[in-house]
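Following: one structure in structure tokens, then a few remarks.
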Amino acid sequence: MAEPLVRLRGVDKAYVDHVVTPVLHGIDLTVLPGEFIALTGPSGSGKSTLLNLIGLLDRPTAGEVYLEGRATSALNDAELTRLRARRLGFVFQFHHLLPAFTAVENVELPMLADRGRRDPELRARAARLLESIGLGDRMPYLAPDLSGGQQPRVAIARAHAGDPPQVLADEPTGNLDTESGRQVLELVRRINRERHTAFIIVTHDERIAHQCDRIVHLVDGRIVGDDAP
Amino acid sequence: MNFELIVALRYLREGRGQTALILTGIAVGVGVIVFLSALINGLQTSLIDRTLGSQAHVVVRPPEELPRVLTAEPGTLHGVIVQRPPQRVRSIKQWQQAREDIARFPGVVAVAPTVIGPAMASRGPGSSAVAVRGIDPEQYQRIVALREKLVAGSLDLTGFRALIGIDLADDLGVRVGDRVRLQAGLERTAVYTVAGIFDFGNRDLNQRWVFVSLRAAQALFALDGGVSTLEVRGTRIFDAEALAQRITERTGLVADSWMAVNAQLLVGLRSQSSSSYMIQTFVILAVALGIASVLAVSVVQKSREIGILRATGAPRGRVMRIFLIQGGLLGLAGSALGILLGIVLALLFASLAKNPDGSATFPVELTAALFLRAAATAVGVGILAGLFPARRAARMDPAAVIRGG
Ligand SMILES: Nc1ncnc2c1ncn2[C@@H]1O[C@H](COP(=O)(O)OP(=O)(O)O)[C@@H](O)[C@H]1O
Ligand SMILES: [Mg+2]
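Protein chains in written order, with this note's numbering: chain A, 74 to 302; chain B, 1434 to 1838.
See the structure below:
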């Protein structure tokens, strides 16, 4: 068996502000290279929280998150940031492109943030990526000038730009019409097949879930189902 | 170009309206500072120039004569009235030696011997109390630029020739070539030909000062080769007081700096400077608060974008620098505009504030050093003002973004 990309062992998560809100309980989960996983569950069941933990954006209250075999609880912010930049891709719920930047700049920016300096190679890579998903002519458009169907595809290109072994997507089709949603899933699937990139997709949409290879179902912070559809 | 500079520039461009507004604010602030500094520096320089136009930096004279008390036999009690000895012009002991010593002090540019004493100047029935100053014109020129003050005649004081002020010439009704009588004490008197007429731009000096040759003054005050004073010029005018103290310590002579003589003026200059500093401080504070609040608002507006940058791999330090750089850039651009504004204001003021005869009342001092200081201050203040918002940005929780916050 290949080395897992992510392994969660006995992970609990509780939010602590004025009150303690326990959210996740005893999560064990393993993600292998190239997997195409749907993460489903009712609203408030802890899907986003779980994705944050896998994405090293938050730390568990108990248990351990291993990224490519490496325990992450002892890493500092700079090390976690570097891992996010190089080993993980993110697609956010409302796509969240940066409005002051063009399509190609949005794709380039995370690589630039990690590298620190402008590099024609990074720009060329971002351009090639947009070309390959049929958005070559949209490169110089500012993000807000892209259509509702184009924005999530640019966001997926951004997540994929550094060629990370896995991409985490939180309801990437949540607010899209059926056609755009279909296009997004198609694109994601294509990247998964061509680059062997693993995807974990949080979704409410039964149809989308059923196109995945594996469905992880969460209820009240517990994994209650983990199967092929 | 690096990441943080790219993002900073883009954010400034994106918030055009805000950027233009705060740039205007910074420009006005820097403009006020530049204008005020140019004005006050110019004013102070001209006041000091005027004061030092007729004065040495340091004037050295013999120690005070102590009044002597003669007591009778020991054991008897006396009521004693102490009187200062009668004023007379006294010579500095071994003045040539003292002069050489002082000339070797670090920071001394020139030393000129002078004889200064009171006399009556008269012509026909008119007479006036004057202060005679015996000088060697060549040496004295290095202390006070007498040649530039001449309005008629020449500096040639050989023989019995004198320079008098323009107002004394008026009072006595004399012109170059006329004769005046100088009388010091009851028996010493001599007639002098007016060699030249000077104007110090000061009525009192123009009425009272009469320059004659060193030798003539020595004769007039019976000094017999002695001099009453040594006048000293230093390299830096504000070191004069320290120089005077060193001279006193090392030679035992009395040395008065122009700063001690014009203590009142200095107090005035100092309070002027400190009120100007206070105004500048408040202006800087206002500019800093303006920049800080614009950036703080920007951080709040962009919290989601900052979260995305952090989540997708921008390190804390880079995110922080995005906002520090914005502060610095605002300061830089704002100060460039502000310096232009300050120059315009200063030149406008200079063209309005004129003497009745149309000459400038005083020059405004627009120097590269002033501009550099203003720009450096603005950039520094911009970066400092960005510090708080920048730290806030760097601490933003990227997890909130994924939760769809
Ligand atoms: N920062 C937070 N502080 C406190 N409670 C939170 C926070 N974020 C999420 N929660 C709570 O955690 C639970 C799970 O949230 P979330 O992971 O967003 O669920 P889902 O994505 O499945 O809808 C919810 O009850 C939510 O109110
Ligand atoms: Mg959610």
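Beta carbons are placed, not taken as given, at the ideal position from N, Cα and C, and that holds for glycine.
Residue i (DSSP reduced to helix, strand or coil)
| i | result |
| --- | --- |
| P133(A) | coil |
| F87(A) | Sequence inspection shows Ala at residue 87(A); the Phe mentioned does not correspond to that position. Strand at A87(A). |
| P183(A) | helix |
| N1474(B) | helix |
| Q1678(B) | helix |
| G1838(B) | Low local confidence applies: a pLDDT of 49 at G1838(B) is under 50, so the model's placement there is unreliable, with the coordinate-based value given in what follows. Of the three classes helix, strand and coil, the one that applies to G1838(B) here is coil, per DSSP. |
| G294(A) | coil |
| E1497(B) | coil |
| M1692(B) | helix |
| D1830(B) | coil |
| G1767(B) | helix |
| I100(A) | strand |
| V1613(B) | strand |
| R188(A) | helix |
| E76(A) | coil |
| T1626(B) | strand |
| F1436(B) | helix |
| G209(A) | helix |
| V1735(B) | Note that residue 1735(B) is Lys in the sequence shown here, rather than Val. Residue state, collapsed to three classes: coil. |
| R201(A) | helix |
| Y214(A) | coil |
| A1808(B) | helix |
Chain A contact residues for residue i, given Cβ-Cβ distances below 9 Å
| i | result |
| --- | --- |
| Y1444(B) | A173 |
| M1711(B) | The contacting residues do not exist; M1711(B) stays about 40 Å from chain A at best. |
| E1798(B) | In chain order: nothing, as chain A lies at least about 43 Å away. |
Any C-beta of chain B under 9 Å from that of residue i
| i | result |
| --- | --- |
| R157(A) | yes |
| D293(A) | no |
| L258(A) | no |
| F163(A) | yes |
| A232(A) | yes |
| G114(A) | no |
| G235(A) | yes |
| D90(A) | no |
Minimum Cβ-Cβ distance from residue i to chain A less than 9 Å
| i | result |
| --- | --- |
| A1747(B) | yes |
| L1742(B) | yes |
| F1436(B) | yes |
| I1455(B) | no |
| R1825(B) | no |
| G1450(B) | no |
Under 8 Å by beta carbon: chain B residues contacting residue i
| i | result |
| --- | --- |
| A151(A) | P1748, R1749 |
| T154(A) | R1743, G1746, A1747, P1748, R1749 |
7 Å Cβ cut-off: residues of chain B touching residue i
| i | result |
| --- | --- |
| L130(A) | A1744, P1831, A1832, I1835 |
Chain-ordered chain A contacts of residue i [CB-CB under 7 Å]
| i | result |
| --- | --- |
| R1537(B) | Per Cβ cutoff of 7 Å: no residues; R1537(B) is ~60 Å from chain A at best. |
| E1738(B) | L171 |
Cβ-heavy atom distance, residue i to ligand 4, below 8 Å
| i | result |
| --- | --- |
| P115(A) | Looking for ligand 4 in the displayed structure turns up nothing; the ligands present are ligand 1 and ligand 2. |
Under 8 Å from the C-beta of residue i: neighbouring residues of chain A
| i | result |
| --- | --- |
| I1439(B) | L185, R191 |
Contact the segment 1662-1675 of chain B vs the segment 1641-1650 of chain B: 3+ CB pairs below 8 Å | no
Would you be able to state if there are at least three C-beta pairs under 8 Å between the segment 81-101 of chain A and the segment 283-297 of chain A?
-> yes
Give, in chain order, every residue of the segment 169-197 of chain A whose Cβ lies closer than 7 Å to some Cβ of chain B.
-> H169, L171, A173, F174, P183, L185, A186, D187, G189, R190, R191
Taking 8 Å as the threshold, find out whether the segment 1474-1483 of chain B comes into contact with the segment 1782-1800 of chain B through three or more Cβ pairs.
-> The segment 1474-1483 of chain B vs the segment 1782-1800 of chain B: in contact.
Any contact of the segment 1568-1577 of chain B with the segment 1538-1553 of chain B, i.e. 3+ C-beta pairs under 8 Å?
-> yes
Spell out a yes or no on whether the segment 129-144 of chain A and the segment 1437-1444 of chain B are touching, meaning 3 or more CB-CB pairs, one atom from each, closer than 8 Å.
-> no
Positions along the segment 1657-1674 of chain B whose CB lies within less than 8 Å of some CB in chain A = none
For the 8 Å Cβ check, are there 3 or more pairs between the segment 278-287 of chain A and the segment 1701-1714 of chain B?
-> Segment contact: the segment 278-287 of chain A against the segment 1701-1714 of chain B, fewer than three CB-CB distances shorter than 8 Å; contact not assigned.
Below 8 Å, can you find three or more Cβ-Cβ pairs linking the segment 1772-1789 of chain B to the segment 1446-1455 of chain B?
-> no
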